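*Asks:* If you read the sequences in order, they're chains A and B.
Note that the UniProt record's numbering has the first sequence beginning at 1, numbered continuously upward.
Note that the UniProt record's numbering has the second sequence beginning at 1, numbered continuously upward.
This structure is in structure tokens; I'll ask about it shortly.
Protein chains: 2
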Amino acid sequence: MTTPNPTAAILIIGDEILSGRTRDANMYHLAGELTRIGIDLKESRVVSDDREAIVEAVRALSAKYTHVFTSGGIGPTHDDITADCIAAAFDRSIGVRDDAKALLTAHYEGRGVEFNDARMRMARIPEGAELIDNPVSIAPGFSVENVHVMAGVPNIFAAMVAGLLPRITGGKPLLSQSYRINRPESTVAEPLGDLAKRYPDLSMGSYPFNRDGAFGTNIVIRGQDGAMVEAALMELATLFPAEEHS
Amino acid sequence: MTTPNPTAAILIIGDEILSGRTRDANMYHLAGELTRIGIDLKESRVVSDDREAIVEAVRALSAKYTHVFTSGGIGPTHDDITADCIAAAFDRSIGVRDDAKALLTAHYEGRGVEFNDARMRMARIPEGAELIDNPVSIAPGFSVENVHVMAGVPNIFAAMVAGLLPRITGGKPLLSQSYRINRPESTVAEPLGDLAKRYPDLSMGSYPFNRDGAFGTNIVIRGQDGAMVEAALMELATLFPAEEHS
Numbered sequence: 001m002t003t004p005n006p007t008a009a010i011l012i013i014g015d016e017i018l019s020g021r022t023r024d025a026n027m028y029h030l031a032g033e034l035t036r037i038g039i040d041l042k043e044s045r046v047v048s049d050d051r052e053a054i055v056e057a058v059r060a061l062s063a064k065y066t067h068v069f070t071s072g073g074i075g076p077t078h079d080d081i082t083a084d085c086i087a088a089a090f091d092r093s094i095g096v097r098d099d100a101k102a103l104l105t106a107h108y109e110g111r112g113v114e115f116n117d118a119r120m121r122m123a124r125i126p127e128g129a130e131l132i133d134n135p136v137s138i139a140p141g142f143s144v145e146n147v148h149v150m151a152g153v154p155n156i157f158a159a160m161v162a163g164l165l166p167r168i169t170g171g172k173p174l175l176s177q178s179y180r181i182n183r184p185e186s187t188v189a190e191p192l193g194d195l196a197k198r199y200p201d202l203s204m205g206s207y208p209f210n211r212d213g214a215f216g217t218n219i220v221i222r223g224q225d226g227a228m229v230e231a232a233l234m235e236l237a238t239l240f241p242a243e244e245h246s
Numbered sequence: 001m002t003t004p005n006p007t008a009a010i011l012i013i014g015d016e017i018l019s020g021r022t023r024d025a026n027m028y029h030l031a032g033e034l035t036r037i038g039i040d041l042k043e044s045r046v047v048s049d050d051r052e053a054i055v056e057a058v059r060a061l062s063a064k065y066t067h068v069f070t071s072g073g074i075g076p077t078h079d080d081i082t083a084d085c086i087a088a089a090f091d092r093s094i095g096v097r098d099d100a101k102a103l104l105t106a107h108y109e110g111r112g113v114e115f116n117d118a119r120m121r122m123a124r125i126p127e128g129a130e131l132i133d134n135p136v137s138i139a140p141g142f143s144v145e146n147v148h149v150m151a152g153v154p155n156i157f158a159a160m161v162a163g164l165l166p167r168i169t170g171g172k173p174l175l176s177q178s179y180r181i182n183r184p185e186s187t188v189a190e191p192l193g194d195l196a197k198r199y200p201d202l203s204m205g206s207y208p209f210n211r212d213g214a215f216g217t218n219i220v221i222r223g224q225d226g227a228m229v230e231a232a233l234m235e236l237a238t239l240f241p242a243e244e245h246s
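The following block contains the structure:
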């Protein structure tokens, strides 16, 4: 039997993704990192910079999954409202925190720039949160209960994830094997469905593609038991031998 | 005053996005198309190939927004369960529909391939749906009430969207102007916040970047009134003249 892994959702906050101005990179990055450590990403949501939408999504996802990772809205400008929304979602107070302020003070003094009110906003942290290190631009992220709040700029997000994940308990990583069949999905469907029924502990995904007018199918077999994944792969290769793929 | 535009959500269905195997392209494409015709994309969700998760998301999004666009899970294989989930979400029956079957029969006969049971699955359409044309691989999408169901393969998704959007009523397109400031976001935040307060009908987004170690900020001003967007842009340019940007 397989052991259930911890589950997760990512909540991406930002009008720029929904308007089509920016293509999200953070979900794709996090999905790969979580798969590697055995946490199952079950859902992703993108909402706009809107207080009600953010609070509602944080509450719903936090209640449903082991972990929630958020991206965006913790900078110094008027549209950065994530920290206040997290505090509201958990009915906590929020204010400038000494350790976060000290980090920023040292950083700005070292660079000889003014620590203005806008920058001070980035030291506002919900009560009882744990800080997440930001080695790129110093202003920290934070965790409140099972919600981990990080910046939206992709290289800062990735650096925060790298610092955060070692303190989160993972599960058994999913192993996967891919197999490419140069035939349309509809000719693969029936034998694949039969195979999937005989391996209920594995997930078998079928991903059609068309390239230069030719239809083909990538099959991805996933599971926690490497020997079982290999056995299913061998059966698949027998059903669709490489000779047919030309 | 601005007129509220129709709203929309996109629901992306597929384990391959959540496992990090595939980077989603369809949300980014749809976001741009909707912005062009004045429909405000308010939320995006990605869920796995799981019946309960799909039904719950379809119901929640359909109740909340003017339109819901789905991507993925309408092919011929065992993991393609979207059509059944849409039927379940709206308590409708589902079965092979004659016009969808006729399209597929003609297509497969023309290419001399067998119309097998797996292919027949793609003619299963919820009761009372309207078909969405698929010029690439023929198997149609469909609309049930305000939910528009399309394929996940990006070029098929894009072709379906191109056929669908002309029959959907748009709103007033959002106009936008970008302005790049070669200063960190925290020095831009206060004057920008003041400017945003004086233009409540515009949205002003602030997008920090760091490139080769230098921090900068892109400001995006959006609104339905082009003259107002231009006026705000001129004020922004006066606050942060190009001379300072070097």
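For glycine and all other residues, C-beta sits at the position ideal for the given N, C-alpha and C.
As the structure is a computational prediction, the values presented were derived from the model and not from experiment.
DSSP three-state label for G128/B, please.
*Replies:* coil
*Asks:* Taking its Cβ as the centre, do 16 or more other Cβ atoms sit within 10 Å of M204/B, making it buried, or is it exposed?
*Replies:* Answer is buried; the Cβ neighbour count reaches 16.
*Asks:* Measure the alpha-carbon distance for M228/B versus L202/B and round it to whole angstroms.
*Replies:* Between the C-alpha atoms of M228/B and L202/B there is a straight-line separation of about 8 Å.
*Asks:* Looking at chain B, is there any beta carbon in it that lies within less than 8 Å of the beta carbon of A123/A?
*Replies:* no
*Asks:* At what residues does the alpha helix (DSSP H) containing R59/B begin and finish?
*Replies:* R51 to K64
*Asks:* So what does G216/A bridge to, in DSSP terms?
*Replies:* F209/A
*Asks:* Name the one or two DSSP bridge partners that D40/A has.
*Replies:* T7/A
*Asks:* Alpha carbon to alpha carbon, how far is T22/B from I168/A?
*Replies:* Rounded to the nearest whole angstrom, the CA to CA distance from T22/B to I168/A is 24 Å.
*Asks:* Compare the C-alpha of L18/A against each of N26/B, I74/B, L18/B and I132/B and name the closest.
*Replies:* Cα-wise, what sits closest to L18/A is N26/B.
*Asks:* Does chain B have any CB closer than 8 Å to the CB of H67/A?
*Replies:* no
*Asks:* The alpha helix (DSSP H) with H107/A in it runs from where to where?
*Replies:* D98 to R111
*Asks:* Are any of the Cβ atoms in chain A nearer than 8 Å to that of H148/B?
*Replies:* no
*Asks:* Excluding sequence positions up to five away, which residues of its chain have a Cβ less than 6 Å from the Cβ of Q177/A?
*Replies:* I221, V229 and L233
*Asks:* Note the first and the last residue of the continuous alpha helix (DSSP H) segment covering I181/B.
*Replies:* Where I181/B is concerned, there is no enclosing alpha helix (DSSP H), although the beta strand (DSSP E) it sits in stretches over L175 to I181.
*Asks:* Could you check how far apart the C-beta atoms of I219/A and L236/A are, in whole angstroms? I think they sit under 8 Å.
*Replies:* The pair is a contact, with the Cβ atoms about 6 Å apart (cut-off 8 Å).
*Asks:* Name, in chain order, the residues that DSSP records as bridge partners for G223/A.
*Replies:* Bridge partners of G223/A: L175/A.
*Asks:* Please state the DSSP three-state secondary structure of I138/B.
*Replies:* Taken through DSSP and simplified to helix, strand or coil, I138/B comes out as coil.
*Asks:* Quick check: what's the CA-CA separation for G38/A versus G170/A?
*Replies:* 5 Å
*Asks:* Can you name the residues of chain A whose CB is closer than 9 Å to the CB of K42/B?
*Replies:* L18, V47, S48, D50 and A53
*Asks:* Check whether the region 185-196 of chain B touches the region 72-80 of chain A, taking contact to mean three or more Cβ pairs, one atom from each stretch, closer than 8 Å.
*Replies:* yes
*Asks:* Which residues of chain A have a Cβ atom closer than 8 Å to the Cβ of S186/B, listed in chain order?
*Replies:* G75, P76, N116, A118, R119 and M122
*Asks:* By the 10 Å Cβ neighbour count, where 16 or more other Cβ atoms means buried, how is G128/A classified, buried or exposed?
*Replies:* Label assigned to G128/A: exposed.
*Asks:* Relative to the C-alpha of residue 262/A, which residue among G72/A, L41/A, A9/A and V55/A is closest?
*Replies:* Lying outside 1 to 246, the shown extent of chain A, residue 262/A is not represented and no answer is given.
*Asks:* Less than 8 Å separating the beta-carbons of I86/B and V147/B?
*Replies:* yes
*Asks:* Listed from N- to C-terminal order along the chain, which residues in the region 95-110 of chain B have their beta-carbon within a distance smaller than 8 Å of any beta-carbon of chain A?
*Replies:* none
*Asks:* By Cβ distance, which residues of its chain are closer than 8 Å to residue 253/B, with the 5 residues on each side in sequence left out?
*Replies:* Only positions 1 to 246 of chain B appear in this structure, which leaves residue 253/B out of reach.
*Asks:* Any beta carbon of chain B sitting closer than 8 Å to that of T82/A?
*Replies:* no
*Asks:* Let me confirm a value: E52/A is counted as buried when at least 16 other C-beta atoms fall within 10 Å, else exposed. Which label applies?
*Replies:* exposed
*Asks:* Output the distance between the C-alpha atoms of R97/B and P208/A, rounded to the nearest integer angstrom.
*Replies:* 23 Å
*Asks:* Which two residues bound the contiguous beta strand (DSSP E) that contains T77/B?
*Replies:* From DSSP, T77/B is part of no beta strand (DSSP E); its letter is neither H nor E.
*Asks:* Which bits of chain A does T3/B rub up against, with CB to CB less than 7 Å?
*Replies:* Contact of T3/B with chain A by beta-carbon distance below 7 Å is absent, the smallest such distance being about 18 Å.
*Asks:* Taking S186/B as the reference, give the member of P135/A, A118/A, V136/A and T70/A with the closest Cα.
*Replies:* A118/A
*Asks:* Just the C-alpha distance for E16/A and A100/B, rounded to the nearest angstrom, thanks.
*Replies:* As the crow flies, the alpha-carbon of E16/A is around 38 Å from that of A100/B.
*Asks:* May I ask you to report which of helix, strand or coil DSSP gives S203/A?
*Replies:* strand
*Asks:* Give the straight-line distance between the Cα atoms of T35/A and L41/A, rounded to the nearest whole angstrom.
*Replies:* 8 Å
*Asks:* Distance, Cα to Cα, residue 247/B vs E109/A?
*Replies:* Chain B is shown from 1 up to 246; residue 247/B falls before or after that span and cannot be answered.
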